[in-house]
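Numbering of the sequence shown is given in my numbering, commencing with residue 254 and proceeding in unit increments.
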Amino acid sequence: MNLSEKDITYLHGVGPKRADLLKKEIGVTTYADLLYYFPYRYIDKSRFYAISELNETSSYVQIRGRILKMTLVGTGRKQRVTAIFSDGVSAMELLWFKGTQYVMETYKEGHEFVAFGKPSFFAGKVSIVHPEMETIAEAKTKLSLGGLQGLYNTSEKMKNSFLNSKSIQKMELEIIHSLGNERIDEVLPDYLIQEHHLMSLHDALLTIHFPKDLDTLRLAQFRLKFEELFFIQIEMLRSSKIRSQRFKGMPFEQIGYYFNTFYKEHLPFDLTAAQKRVIREIRADVGSGRQMNRLLQGDVGSGKTLVALMTMLMALDNGYQACMMAPTEILATQHYESLSQLLSPLGVSIMLLTGSTKKKERDQILPLLAEGEIQILIGTHALIEDGVVFKNLGVAVIDEQHRFGVAQRARLWAKNVQPPHVLVMTATPIPRTLAMTLYGDLDVSVIDQLPPGRKPIRTVHRFDTKRADIYEFMKGEIAKGRQIYIVYPMIQESEKSDYENLESGYAKLQHVFPEPAYHIGMVHGKMKPAEKDAVMQEFVSGRMNVLVATTVIEVGVNVPNASVMMIESAERFGLSQLHQLRGRVGRGADQSYCVLMTSVKLSKESRQRMDVMVRTNDGFEISEVDLKMRGPGDIEGTQQSGVALNLKITNLATDGQIVQFSRDVARMVLQEDPDLLMEKNRLINLRLQQRMKEKQNWGVIS
Ligand code: ADP
Ligand code: MG
254 MNLSEKDITY
264 LHGVGPKRAD
274 LLKKEIGVTT
284 YADLLYYFPY
294 RYIDKSRFYA
304 ISELNETSSY
314 VQIRGRILKM
324 TLVGTGRKQR
334 VTAIFSDGVS
344 AMELLWFKGT
354 QYVMETYKEG
364 HEFVAFGKPS
374 FFAGKVSIVH
384 PEMETIAEAK
394 TKLSLGGLQG
404 LYNTSEKMKN
414 SFLNSKSIQK
424 MELEIIHSLG
434 NERIDEVLPD
444 YLIQEHHLMS
454 LHDALLTIHF
464 PKDLDTLRLA
474 QFRLKFEELF
484 FIQIEMLRSS
494 KIRSQRFKGM
504 PFEQIGYYFN
514 TFYKEHLPFD
524 LTAAQKRVIR
534 EIRADVGSGR
544 QMNRLLQGDV
554 GSGKTLVALM
564 TMLMALDNGY
574 QACMMAPTEI
584 LATQHYESLS
594 QLLSPLGVSI
604 MLLTGSTKKK
614 ERDQILPLLA
624 EGEIQILIGT
634 HALIEDGVVF
644 KNLGVAVIDE
654 QHRFGVAQRA
664 RLWAKNVQPP
674 HVLVMTATPI
684 PRTLAMTLYG
694 DLDVSVIDQL
704 PPGRKPIRTV
714 HRFDTKRADI
724 YEFMKGEIAK
734 GRQIYIVYPM
744 IQESEKSDYE
754 NLESGYAKLQ
764 HVFPEPAYHI
774 GMVHGKMKPA
784 EKDAVMQEFV
794 SGRMNVLVAT
804 TVIEVGVNVP
814 NASVMMIESA
824 ERFGLSQLHQ
834 LRGRVGRGAD
844 QSYCVLMTSV
854 KLSKESRQRM
864 DVMVRTNDGF
874 EISEVDLKMR
884 GPGDIEGTQQ
894 SGVALNLKIT
904 NLATDGQIVQ
914 FSRDVARMVL
924 QEDPDLLMEK
934 NRLINLRLQQ
944 RMKEKQNWGV
954 IS
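Quick look at the structure:
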């Protein structure tokens, strides 16, 4: 049966309202979509736990017991329900902060229930917050065919309409019932299934939602991961072949005036060995006649900008233009200023184009660009707008690429009939298997060395009760002439409370560092670019002592005299973000410090993160830990790319082997049948056409 043509609205128990929610919240419109909406975790419902058995390490458990007492406390949004729940021997608490009316009406005192959830411990008391509840009758008509039960992610909106994990599970079961005796259409050719001992799609989908046991579950997961990766790899391998057939790279045959003069006469310092090596790699690439498609990884402060500059000079030497795109206005401006300065003795024409470039100026820049009068264009997303046309773009550099979506990179690429050589730079290193999936056949260069003379940043973790001491320390540093960043979390630009924290924090800091003895300023994302620039300028010039900021300063800003960074509510930042932030200090000759400020109440995971930051300055090590702790879904950059790849089951952090395996199989298939015309590959071809229809082919672009 082809389930991708069956509208979810008509599934028993769904209807228009729920269908609408499913579509808007999780992108599910058909039976097939829902079947491919997999549990994110399974809980073992094969037995009941006794309350006395629970301890700090318990994960999800189910407990059978009776509600002894229900209490509703508080009013309005602060309202909550506490239930005393007993298994006949001991008692524990169940807590609800939402849907309190419903909870009070549904879970009556004296009745028996099965409660599921992850127990937490506080002051020796056990509780479960927002447990999943089943009546004994419900528990007996086990939805799961065996002992493992899937848990599904649902959004806040879905939960509010009582569309929770359990309802999703019921829907999955409905779909399976609706099949009757029919089987779900297979998408992989039979010979591959036989050869590699894969589970059929039909069995895999049934198993993934209702696993009999762990072993069968693993087989189902393997099959679905393979399927997911196999088609990506087939697409990637085919498009990279098409690309190299269709586009000859622009051969940069010579190294000439610009590169040589700069290298011999105007380099502000000796290149590190790693910078030299990478420049040689790039040189070989752009001279090869192939189109360069290279990822440059290098820790914060490792000197990627200079490598970018010298790559752009190679383009100029061969009569081409070059451009460099940065994720923020501040960073683009800074690049523009430092590069203009470095290049001024060479007579290179270089311009800046950002969202806040005045229309009049823009109108001057664009024709010059089209005529080839401008040799290097630096900018933000403004570079990829339609009106921006180059005469002959030879090199496109993308700085801090993890901040850009795949689509944005693709548009830069399309600036020429013949795609330019592309250099993407990042300070967020990613493991090879990940790169392989995210970027296909991207080559990777690494700058694994910092410029000489840098003192490692000293990082400490302090509780916010010790804030006064830190201020004293800061004043001491300011007295020595240093400058200071204080960073507030602004995880979601839309979050009002974050702005309130920032504003009130700033107000307090104005008392701690009063004018005229001190000069303090603030930047955040909601300010107008001109205002922001004015403040940044004060800080860059050295006149301002303390800059209070959000993560707008995370990327690339370079003020060597700033030697102290304090990060407020550091526990709210991810590891790579903390590392990026910290990279704003330690750029000069002075000893630099990073203070991670957290509240005393800290989860185990947050504490681990702080410990890693204190222990090491090595971005590669940090990203490894990050990947292990959170999986790639949460890591900036891979998140965007992961979304573009639309990965539903593969975990790129742990499934490296399956990535490799699926790539090998895809390669073998294409070797035998490059255009997939053989009858035995009919299903692959069909599926590819379907995928093409569903989305643009991202594989071509990285
Ligand atoms: P990132 O790799 O984080 O983009 P930058 O390119 O901004 O790093 O370089 C950080 C700082 O190091 C800049 O001030 C730059 O001028 C300086 N720098 C770069 N290369 C060298 C070098 N070989 N020797 C000394 N300083 C360098
Ligand atoms: Mg940089």
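Positions of the beta carbon are idealized from the N, C-alpha and C atoms, including for glycine.
Keep in mind that this is a model prediction, so the values were computed, not measured.
Residue i and residue j closer than 9 Å at C-beta
i: valine 776; j: valine 788; result: yes
i: phenylalanine 505; j: tyrosine 573; result: yes
i: serine 339; j: leucine 321; result: yes
i: isoleucine 532; j: valine 560; result: yes
i: isoleucine 629; j: leucine 606; result: no
i: proline 673; j: glycine 647; result: yes
i: leucine 800; j: isoleucine 739; result: yes
i: valine 812; j: glutamine 736; result: yes
i: glycine 403; j: aspartate 466; result: no
i: tyrosine 846; j: valine 810; result: no
i: phenylalanine 766; j: lysine 728; result: yes
i: leucine 939; j: valine 440; result: yes
i: glutamate 653; j: alanine 635; result: no
i: phenylalanine 873; j: proline 742; result: no
i: lysine 371; j: asparagine 413; result: no
Residue i (DSSP reduced to helix, strand or coil)
i: methionine 931; result: coil
i: threonine 891; result: Low per-residue confidence applies at threonine 891: pLDDT is 42, beneath 50, and the placement is therefore not dependable, though the value from the model is reported in the following sentence. Helix at threonine 891.
i: arginine 471; result: helix
i: serine 816; result: strand
i: valine 896; result: For valine 896, the predicted structure reports a pLDDT of 41, less than 50, and the residue's modelled location is therefore unreliable. A value from the coordinates is still provided. Here valine 896 sits in helix by DSSP.
i: asparagine 513; result: helix
i: proline 885; result: Any answer about proline 885 is weak, because its pLDDT of 44 lies below 50 and its placement is not dependable; what the coordinates show is given next. Correct three-state label for proline 885: helix.
i: isoleucine 508; result: coil
i: threonine 907; result: coil
i: glutamine 942; result: helix
i: arginine 536; result: helix
i: alanine 457; result: helix
i: valine 953; result: At valine 953, the pLDDT of 38 sits below 50, so the modelled position is not reliable; the number obtained from the coordinates is stated separately. Correct three-state label for valine 953: helix.
i: threonine 525; result: coil
i: phenylalanine 483; result: helix
i: threonine 231; result: This structure leaves residue 231 out entirely; the chain is present only between 254 and 955.
i: valine 267; result: coil
i: arginine 796; result: coil
Candidates the options: closest to residue i by CA position
i: serine 555; options: Phe484, Ser698, Val334 and Glu582; result: Ser698
i: threonine 869; options: Thr851, Arg835, Phe301 and Glu858; result: Arg835
i: serine 453; options: Gln474, Lys465 and Asn434; result: Gln474
i: glutamate 508; options: Met489, Leu569 and Gly551; result: A small fix is needed here, since residue 508 is isoleucine in this sequence, not glutamate. Of the candidates Met489, Leu569 and Gly551, the one whose C-alpha sits nearest the C-alpha of isoleucine 508 is Leu569.
i: leucine 482; options: Met945, Gln943, Glu932 and Asp917; result: Asp917
i: lysine 719; options: Ala649, Glu821, Phe291 and Leu941; result: Glu821
i: phenylalanine 415; options: Leu275, Ala303 and Phe479; result: Leu275
i: leucine 287; options: Val267, Ile296 and Lys298; result: Val267
i: alanine 336; options: Gln315, Tyr360, Thr328 and Thr679; result: Tyr360
i: glutamine 455; options: Glu932, Phe716 and Asp438; result: The sequence shown places histidine at residue 455, rather than the glutamine named in the question. Ranking Glu932, Phe716 and Asp438 by Cα distance to histidine 455 puts Asp438 first.
i: lysine 393; options: Ser343, Tyr724 and Phe301; result: Phe301
i: isoleucine 279; options: Tyr290, Leu905 and Ile461; result: Tyr290
i: leucine 566; options: Lys611, Val650, Tyr355 and Arg491; result: Val650
i: leucine 348; options: Val334, Glu358 and Gly341; result: Val334
i: arginine 476; options: Ser497, Phe500, Gln332 and Pro442; result: Pro442
i: proline 705; options: Ser591, Met411, Leu256 and Gly839; result: Gly839
i: phenylalanine 716; options: Arg860, Ser609 and Phe914; result: Arg860
i: alanine 527; options: Lys378, Asp701 and Ser597; result: Asp701
Whole-number beta carbon distance between residue j and residue i, since they are thought to touch under 8 Å
i: valine 642; j: leucine 622; result: 7 Å
i: methionine 323; j: glutamate 362; result: 5 Å
i: threonine 514; j: isoleucine 535; result: Contact flag wrong, Cβ pair sits at about 18 Å.
i: alanine 823; j: threonine 851; result: 5 Å
i: leucine 923; j: isoleucine 487; result: 7 Å
i: phenylalanine 366; j: glycine 433; result: 34 Å between Cβ atoms; not a contact.
i: tyrosine 444; j: isoleucine 421; result: Tyrosine 444 to isoleucine 421, Cβ: 35 Å. No contact.
Proximity test, residue i beta-carbon vs ligand 4 heavy atom, cut-off 8 Å
i: aspartate 652; result: What this structure holds is ligand 1 and ligand 2, not ligand 4.
Those runs of the alpha helix (DSSP H) which lie wholly inside the segment 269-324 and span at least 4 residues: Counting only runs of 4 or more, we get 284-288.
Contiguous beta strand (DSSP E) assignments of at least 3 residues, all confined to the segment 329-417: Correct list: 333-339, 344-349, 365-370, 373-375, 378-382, 385-388 and 401-404.
3 or more residues per run - each beta strand (DSSP E) lying fully within the segment 566-590: If you keep only unbroken beta strand (DSSP E) runs of at least 3 residues inside the segment 566-590, you get 574-578.
Ordered list of alpha helix (DSSP H) runs contained in the segment 672-741, each at least 4 residues: The qualifying runs are 685-692 and 720-732.
Whole runs of the alpha helix (DSSP H) within the segment 597-628, excluding any shorter than 4 residues: As far as the segment 597-628 is concerned, its whole alpha helix (DSSP H) runs of at least 4 residues are 612-624.
Entirely enclosed alpha helix (DSSP H) segments - the segment 418-455, minimum 4 residues: Listed in chain order, the complete alpha helix (DSSP H) runs (minimum 4 residues) inside the segment 418-455 are 418-431 and 443-448.
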